[in-house]
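When you line the sequence shown up against my numbering, it's residues 1 to 61, in that order.
All remarks here apply to the structure that follows.
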Amino acid sequence: MSARSRDLPRRSCLSIPGSSEKMMGKGPGIAADMVFLDLEDAVAPKEKESSRAKIATAIRT
Numbered sequence: 001m002s003a004r005s006r007d008l009p010r011r012s013c014l015s016i017p018g019s020s021e022k023m024m025g026k027g028p029g030i031a032a033d034m035v036f037l038d039l040e041d042a043v044a045p046k047e048k049e050s051s052r053a054k055i056a057t058a059i060r061t
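Okay, here's the thing in structure tokens:
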């Protein structure tokens, strides 16, 4: 991240559920100022463990 991008105000924030590999794949192409991968409200309790692994893989690639 450049110094300039850290100084700009954030106008839009996209929440992507950590359980959706399809949506995580589309995230980088969305014109949002900020994108975050959600493990709280957007993920069913029984899917949280597998979602953590999906997010870790998405971050590494």
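The C-beta atom is built at its ideal place from N, Cα and C for all residues, glycine as well.
Asked, Found
"Just how far apart, CA to CA, sit E77 and L8?", "A question about residue 77 goes unanswered here, because the residues of the chain that appear run from 1 up to 61."
"Measuring alpha carbon to alpha carbon, tell me which of M34, R11, L39 ends up nearest S51.", "L39"
"Is A31 close to the ligand ATP? I mean its beta-carbon at under 7 angstroms from any heavy atom of the ligand.", "In the structure on display, the ligand ATP does not appear, and there are no ligands present to speak of."
"Starting from S15, follow the beta strand (DSSP E) in both directions and report where the run begins and ends.", "13 to 17"
"Pick out whichever of V43, R10, M24, K54 has its Cα sitting closest to the Cα of M34.", "R10"
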